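Once you know that position 484 of the sequence shown is 1700 in my numbering, the rest is easy, because the numbers rise by one and skip nothing.
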Amino acid sequence: MFSKMMRSAKIRFTDHSLLKVIQVLGRFGNWRRVLQVIEWFQSRERFKSHKPKYIYTAALDVLGKSKRPVEALNIFHEMRQQRSTYPDLAAYHCIAVTLGQAGQMKELLDVIDCMRSPPQKKCKLGEFDEWDPRLEPDLVVYDAVLNACVKNKQWEGAFWVLQQLKEQSLQPSSTTYGLVMEVMLSCEKYNLVHEFFRKVDKISMLKSSNYKILVNTLWKEGKTDEAVAAVKDMERRGIVGTASLYYDLARCLCSAGRCEEALMQIEKLCKVANKPLFVTYTGLIQACLDSGSVQNGSYIFDQMHKFCSPNVVTYNIMLKGYLDHGLFEKAKDLFQQMLDDSKQITSIADYKSRVVPDNYTFNTMLDACIAEKKWDDFTFVYQQMLHHGCHFNTKRHIKMLLEACRAGKGELLETTWKHLIQANRAPPTAIIKERFCMKLEQNDISGAISCITSTSHQTTDELYAFSEKVWLYLFENNSSRFQKDTLIGLIHELNNIIAGSDDRSNPRLENLIRSCKEFIMDRAAESDPMPNEATLV
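Structure below.
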């Protein structure tokens, strides 16, 4: 449809206009439309492009920023098929950075081989046979390799890059050394991080990114005082720290239990930060919880309310933290606070300061209630979940629902049944059978039969679920719940339904009758006198 729109617009596209279209789509992150533009461009025989290479390169840039390495690699290989689109250094930079950020080391090394190799034989060279597009990788490409080393935790690759730079007489930049430090940090080679930091300090000017890696290294080593001293040294040298550096330092302090000092870093962070403040506080809470201190996490959470409103993610992290540390009542109070908060929402503007529980909130509380055997709390949370519009998830909720029913909370089964019917969803087989057993236990024969007849199950799997063997297994596993007279009444009622039906063939009901008769006969065989089989007909 997009290609059709371009044709119907009756616009005479030029190289410049196509570039602008791709760049605009890239700003919106719409990489699929960019691929459609390239597809349209390839199929337009009447469109004479003088700079097709730049159009492809712009597409590579968009795909890289959208983190689509596979699609970018496909475009790159198409570019290598003919001379007019053969990649230049800018195109190699785009594909190298994309693959490096994705951690695709093998593909990145293949691209470096392509740079150094002559064009493929099938590439149309035209009249200029002396054309040689071979290039040597530069710092940008090698920095991309280091990015891939970080992703793959390959510290040997970092030394390979430094060796290649030495052989080509290329001087590593502070960015290059920063990436080498990051590789060593990811590989837990902390001594090498310090070594390269000192090396950068000797040969070039240190940057905030170098200090950030150093702070994270000291954090991993448990050297909180040294991390604070490193940041003070950076500030003394007049280097402006980034928001991520102060954020990492604050999390380091939180992990060490020094929450007051961590909160002091937020003032510095706010001067250079672009992200919302609640993201920072949420990260500090998570750092406290990761270090095993739910009290410090709770303290940061309380302080957060003075400066910004926590969102649902913050609440969920704190909720999980309480539960992981066995503080069920604290978690319950926080959950109730979220419910009370959601009741006060009267307009869209209220969502900025109020919180509504989501699926994760309810599932976390349901799991906790099951683990603690708090069935009354489970009932309350489950009902609130449905009330807030969170749907019943068969894979997630079926097991816990059946467990609650067997613990005496049978009303939840009826609630779930009504919820599924109103949503025009077929109840799962497990719920049908449990409700069937519950109705029989209550001597409600009509209600038990309606569980089966009110739903349609025609697939092979569903027909097997209601086979004679499965019904008999169900009766045997729930034998203590059924009275003999109830089962006999069930058989008579089912026979009447089949006799009054236009279609005399009803496999599910017939299977149920046969299995019910067999169950009664088997149970009666254990006692005396034996029942008269005629009464079951």
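Ideal placement from N, C-alpha and C gives every residue a C-beta, glycine not left out. Keep in mind it's a predicted model, so treat the numbers as computed, not measured.
Residue i - DSSP class collapsed to helix/strand/coil
{"i": "Gln-1600", "result": "helix"}
{"i": "Gln-1379", "result": "helix"}
{"i": "Gln-1336", "result": "coil"}
{"i": "Gln-1502", "result": "helix"}
{"i": "Gln-1298", "result": "strand"}
{"i": "Cys-1486", "result": "helix"}
{"i": "Phe-1344", "result": "Below a pLDDT of 50, predicted positions are generally treated as unreliable, and Phe-1344, at 49, falls in that range; the measurement from the model is reported next regardless. Reduced to three states, the DSSP call for Phe-1344 is coil."}
{"i": "Ala-1565", "result": "helix"}
{"i": "Gly-1373", "result": "helix"}
{"i": "Ile-1647", "result": "helix"}
{"i": "Ile-1455", "result": "coil"}
{"i": "Gly-1663", "result": "helix"}
{"i": "Pro-1492", "result": "coil"}
{"i": "Ser-1670", "result": "coil"}
{"i": "Gly-1537", "result": "helix"}
{"i": "Gln-1481", "result": "helix"}
{"i": "His-1293", "result": "helix"}
{"i": "Cys-1330", "result": "helix"}
{"i": "Cys-1475", "result": "helix"}
{"i": "Cys-1606", "result": "coil"}
Where residue i falls, given that 16 or more other Cβ within 10 Å makes a residue buried
{"i": "Ser-1514", "result": "buried"}
{"i": "Ser-1509", "result": "buried"}
{"i": "Phe-1257", "result": "buried"}
{"i": "Phe-1344", "result": "Summary for Phe-1344: the model assigns pLDDT 49, below 50, so the residue's position carries little reliability, and this model does not support an answer."}
{"i": "Asp-1359", "result": "buried"}
{"i": "Pro-1644", "result": "buried"}
{"i": "Ile-1501", "result": "buried"}
{"i": "His-1232", "result": "exposed"}
{"i": "Gln-1573", "result": "Strictly speaking, residue 1573 in this sequence is Pro, with Gln absent from that position. The residue is buried, with at least 16 neighbouring Cβ atoms inside 10 Å."}
{"i": "Val-1278", "result": "buried"}
Element boundaries [alpha helix (DSSP H), containing residue i]
{"i": "Pro-1268", "result": "1268-1281"}
{"i": "Leu-1617", "result": "1610-1622"}
{"i": "Ser-1683", "result": "Careful: Ser-1683 lies outside any alpha helix (DSSP H) and carries neither H nor E."}
{"i": "Pro-1353", "result": "Careful: Pro-1353 lies outside any alpha helix (DSSP H) and carries neither H nor E."}
{"i": "Ala-1642", "result": "Premise fails: Ala-1642 is in no alpha helix (DSSP H) and is neither H nor E."}
{"i": "Pro-1723", "result": "1723-1741"}
{"i": "Lys-1559", "result": "1544-1559"}
{"i": "Gln-1511", "result": "1510-1520"}
{"i": "Thr-1577", "result": "1575-1588"}
{"i": "Phe-1257", "result": "1247-1259"}
{"i": "Asn-1527", "result": "Note, Asn-1527: premise wrong, no alpha helix (DSSP H); not H, not E."}
{"i": "Gln-1317", "result": "1305-1318"}
{"i": "Ala-1459", "result": "1459-1471"}
{"i": "Val-1237", "result": "1231-1243"}
{"i": "Asn-1711", "result": "1700-1715"}
{"i": "Lys-1634", "result": "1627-1638"}
Residue i versus residue j - alpha carbon distance
{"i": "Lys-1484", "j": "Ile-1637", "result": "55 Å"}
{"i": "Lys-1418", "j": "Glu-1404", "result": "23 Å"}
{"i": "Pro-1335", "j": "Leu-1315", "result": "21 Å"}
{"i": "Ala-1639", "j": "His-1607", "result": "9 Å"}
{"i": "Leu-1241", "j": "Glu-1255", "result": "15 Å"}
{"i": "Ala-1478", "j": "Gln-1511", "result": "15 Å"}
{"i": "Leu-1408", "j": "Leu-1434", "result": "12 Å"}
{"i": "Val-1237", "j": "Tyr-1272", "result": "12 Å"}
{"i": "Tyr-1463", "j": "Leu-1386", "result": "34 Å"}
{"i": "Ser-1389", "j": "Ser-1420", "result": "8 Å"}
{"i": "Cys-1310", "j": "Arg-1570", "result": "43 Å"}
{"i": "Val-1457", "j": "Glu-1398", "result": "Before going further, note that residue 1457 is Gly rather than Val in the sequence given. The straight-line gap from Cα to Cα measures roughly 17 Å."}
{"i": "Phe-1517", "j": "Lys-1611", "result": "33 Å"}
{"i": "Glu-1323", "j": "Met-1534", "result": "41 Å"}
{"i": "Pro-1526", "j": "Lys-1448", "result": "30 Å"}
{"i": "Arg-1228", "j": "Leu-1234", "result": "10 Å"}
{"i": "Met-1321", "j": "Ser-1402", "result": "16 Å"}
{"i": "Asp-1506", "j": "Asn-1579", "result": "21 Å"}
{"i": "Val-1253", "j": "Arg-1299", "result": "21 Å"}
{"i": "Pro-1303", "j": "Glu-1352", "result": "13 Å"}
{"i": "Val-1396", "j": "Gln-1379", "result": "12 Å"}
{"i": "Asn-1711", "j": "Gln-1699", "result": "19 Å"}
{"i": "Arg-1350", "j": "Ser-1333", "result": "6 Å"}
Within-9 Å CB hit, residue i to chain C
{"i": "Met-1520", "result": "Any reference to chain C falls outside this structure, which holds one protein chain only."}
Subject >> Contained alpha helix (DSSP H) runs [length at least 4] in the stretch 1376-1436, N- to C-terminal order >> reply: 1390-1402, 1406-1419, 1424-1436
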